[in-house]
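J.: Just so it is clear: in the sequence shown, position 90 is 97 by our numbering, and no numbers are missing.
Pasting a structure here, questions to come.
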Amino acid sequence: MTTPLRLAALGAVVVAASVLGLAAPAQAHNYLVSSTPEQGSTITELPDRFSVTTNGPLLALDGVAGFALEVRDADGRYYGDGCVTVEGPTLSEAAPALGAAGDYVLLWQLVSEDGHTVSGEVDFTWAPAEGVEPAAGAASPATCGNAAEEPAASSPPQEVRGNADLGDVLWIGGAIAAVLAAALVTFLVVTRRRK
Numbered sequence: 008m009t010t011p012l013r014l015a016a017l018g019a020v021v022v023a024a025s026v027l028g029l030a031a032p033a034q035a036h037n038y039l040v041s042s043t044p045e046q047g048s049t050i051t052e053l054p055d056r057f058s059v060t061t062n063g064p065l066l067a068l069d070g071v072a073g074f075a076l077e078v079r080d081a082d083g084r085y086y087g088d089g090c091v092t093v094e095g096p097t098l099s100e101a102a103p104a105l106g107a108a109g110d111y112v113l114l115w116q117l118v119s120e121d122g123h124t125v126s127g128e129v130d131f132t133w134a135p136a137e138g139v140e141p142a143a144g145a146a147s148p149a150t151c152g153n154a155a156e157e158p159a160a161s162s163p164p165q166e167v168r169g170n171a172d173l174g175d176v177l178w179i180g181g182a183i184a185a186v187l188a189a190a191l192v193t194f195l196v197v198t199r200r201r202k
């Protein structure tokens, strides 16, 4: 193989390694390893906290921005104060009083250690002992420090907008680096041929 072809082949390998090497962070999202309550379980007493635990630490750079735990019943009513805590791989909130016995879902959203937002849900059944007074619930999820309010009938839906996350920035930077590397290899091959 001639020197220009070796350089071109080496350049192609470098570009491919650069682009494919960036694929690893995209597949490094945290995933759920346990929750309280557990998926599909029936609880008869409220735990101290509802929580989800992932396989790695959570990325809480701006406090708890991007993190949420919401408990919703089968009728779409929400329970809880919206105040969450992030500790290592665990996202939790104080267990709220729940409504009537029945099916519930713990909705969760967190920021994975790679910067991507990950979300999911844990289904469970609430079967309290007789005499436990059901909570009323709210039509919308609460925000920490503010009780959830019943929305006015004429309020327009609010749009939630997010920022680009770290994974997107890495992909864009990797693509730019790959293009620059390919341009450099092409330049070197062309200038070598002229000599």
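C-beta atoms are modelled at their ideal positions from N, C-alpha and C, and glycine is treated no differently.
1. Looking at C-alpha atoms only, which residue of L39, G63, G73 is the closest neighbour of T150?
2. DSSP beta-bridge partners for T111?
3. I need the boundaries of the beta strand (DSSP E) containing F74, first residue and last residue.
4. Could you say if the segment 76-94 and the segment 109-122 meet the contact criterion of at least three C-beta pairs nearer than 8 Å?
5. Three-state secondary structure (DSSP) at V91?
6. From this set, A142, E94, P44, which residue's C-alpha is nearest D88's C-alpha?
7. Can you tell which of S41, E52, L65, A136 has the C-alpha that lies nearest to the C-alpha of V125?
8. Report the CB separation of A102 from P54 in whole angstroms; it is logged as a contact under 8 Å.
9. V139 lies in the beta strand (DSSP E); which residues open and close that run?
10. Near V91, which residues of its chain fall below 8 Å by C-beta distance, leaving aside the five closest residues on each side in sequence?
T.: Answer, in terms of the structure:
1. One-based indexing of the sequence shown puts residue 150 at position 143. When each option's Cα is compared against that of T150, the closest is G73.
2. Here residue 111 corresponds to residue number 104 of the sequence shown, with the count starting at 1. What sits at residue 111 in the sequence shown is Tyr, not Thr. D80, F131.
3. In the sequence shown, residue 74 corresponds to position 67, counting from 1. Here F74 belongs to no beta strand (DSSP E), and DSSP marks it neither H nor E.
4. yes
5. Within the sequence shown, numbered from 1, the residue matching residue 91 stands at position 84. It is coil, neither helix nor strand.
6. Residue mapping note: residue 88 aligns to position 81 of the sequence shown, counting from 1. When each option's Cα is compared against that of D88, the closest is A142.
7. Residue mapping note: residue 125 aligns to position 118 of the sequence shown, counting from 1. Looking at the Cα atoms, L65 is the closest of the given residues.
8. By 1-based counting over the sequence shown, the position of residue 102 is 95. By 1-based counting over the sequence shown, the position of residue 54 is 47. Right, the Cβ-Cβ distance comes to about 5 Å (below 8 Å), so this counts as a contact.
9. Residue 139 sits at position 132 when you count from the first residue of the sequence shown. Looking at the DSSP string, V139 is not in any beta strand (DSSP E), and its letter there is neither H nor E.
10. Residue 91 sits at position 84 when you count from the first residue of the sequence shown. Within the same chain, V91 has close Cβ partners V71, F74, A75, L76, L98, S99, E100, C151.
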